[in-house]
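The block underneath contains the structure these notes are about, expressed in structure tokens.
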Amino acid sequence: MFKWLKRLFGIVESETHSVLDKLENPIKQTEQGIRDLKADLSKSMQGLAEVKALNIREKKEYQSNIGNAKDFEKKAMMLLERANRGHIDPNEADRLATQALERKQQYEQRATANKTNLDNYGGMLTKMESNVHQLKSQISKWETELKTLKARATVSDASAKLNKQLSNVDSSNTIARLQKMKEKVEEKEALADSYADIASLTNKTVEDEIDSALGIGGGSTQASLGASDELLKLKARLAEKNKPNQ
């Protein structure tokens, strides 16, 4: 009944071990194993139902035979009682009572056979019910395992695809391209600065050039000259103030 286990894991008997290198897909194997289990369960359930039906019928026959045996024993007793009361010829009563007891024994023998069959059916039912329970448990277990295998297969496939994509990427080449782009940006920034310097030189007027030559064009130079003039004026005033009165 559990031959599916070998197929489930791709293990079959062989003179060589080469077959082990040709294991079927584990998910397909698990699905097939579950189908085999369900087929076994269906057969076991059918067999269990048949044995239960036999057990029920045997039990009814047993009860009927026990009842008939008691009835014929009761009839034999009634015949003897009627003979004792003079209601029936004693010899006739003995003959009929003997026949009744023979029938009683026949029913008792049948009941004994019924009891033996019932004991056998009981053992069979216990074993078959245990097998059915075990099969149901195994089916539930492997259906859960199948879900896990499918989930793992999905993750594995996704991981394999991602790793394949990553393996096709040349990281050193990518870094080189990024570095080259950075250098190009820096070159463009330097070129823009140089254009700004050139523009500042080419935009000077004639007046700016004259002031620059005289040293009076810059704001800081003009401020410095103004301060010097103020200092000279302040010294002249101080000297005038310190002259003796004539």
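Residue numbers (my numbering): 5 to 250. Even glycine gets a Cβ: it sits at the ideal position worked out from N, Cα and C. Keep in mind that this is a model prediction, so the values were computed, not measured.
Checklist entry - Are the Cβ atoms of A101 and A80 separated by less than 7 Å? => result yes
Checklist entry - Quick one, are the C-beta atoms of R99 and I92 less than 7 Å apart? => result no
Item to check | the segment 107-118 contacting the segment 36-47, beta-carbon criterion three pairs below 8 Å | outcome: no
Item to check | Closest residue to S68 among A196, M185, N177 and K119 (Cα-Cα distance) | outcome: K119
Item to check | Classification of L27 by the beta-carbon crowding that lies within 10 angstroms, buried from 16 upward | outcome: Caution applies to L27, whose pLDDT of 42 falls short of 50 and renders its modelled position unreliable; the model cannot decide the point.
Next on the checklist: Taking the straight line between their C-alpha atoms, what separation do you get for A243 and S232?
Outcome noted: 17 Å
Checklist entry - How should L238 be labelled, buried or exposed, when 16 other C-beta atoms within 10 angstroms of its C-beta is the threshold for buried? => result exposed
Checklist entry - Where do the N-terminal and C-terminal ends of the alpha helix (DSSP H) with G51 fall, by residue? => result P30 to N88
Checklist entry - So is L236 buried or exposed if we call it buried at 16+ other beta carbons inside 10 Å? => result exposed
Checklist entry - Whose CA, out of E190, M49, D161 and K64, lies closest to the CA of K131? => result M49
Item to check | For M128, the nearest candidate out of T34, I31, K56 and Q33 (CA to CA) | outcome: K56
Checklist entry - Tell me which same chain residues have a C-beta within less than 8 Å of the C-beta of A115, skipping the five on either side of it? => result Y66, N69, I70 and A73
Checklist entry - For L153, which residues of its own chain have a beta-carbon under 7 Å away from its beta-carbon, when the five flanking residues on both sides are left out? => result P30, I31 and T34
Next on the checklist: Give me, in chain order, the residues of the same chain whose beta-carbon lies closer than 8 Å to that of Q142; leave out the 5 immediate sequence neighbours on both sides.
Outcome noted: L41
Checklist entry - Of the choices N95, L45, N121 and K145, whose alpha-carbon is the least far from that of S134? => result L45
Item to check | Anticipated Cβ contact below 8 Å, L83 with A104, distance rounded | outcome: 7 Å
Next on the checklist: Suppose you measure from the CA of V189 to the CA of V159; what does that come to, to the nearest Å?
Outcome noted: 42 Å
Checklist entry - When the Cα of V136 is compared with those of K47, Q36, E234 and Q169, which residue comes out closest? => result K47
Checklist entry - Helix, strand or coil: how does DSSP classify I92 here? => result coil
Checklist entry - With burial defined as no fewer than 16 other Cβ atoms inside 10 Å of the residue's Cβ, what is the status of L139: buried or exposed? => result buried
Checklist entry - Under three-state DSSP, which class holds K247? => result coil
Checklist entry - Taking just the CA atoms, how far does R156 sit from E149? => result 10 Å
Item to check | Same chain only: Cβ atoms within 6 Å of F76, ignoring 5 sequence neighbours per side | outcome: A104, R107 and K108
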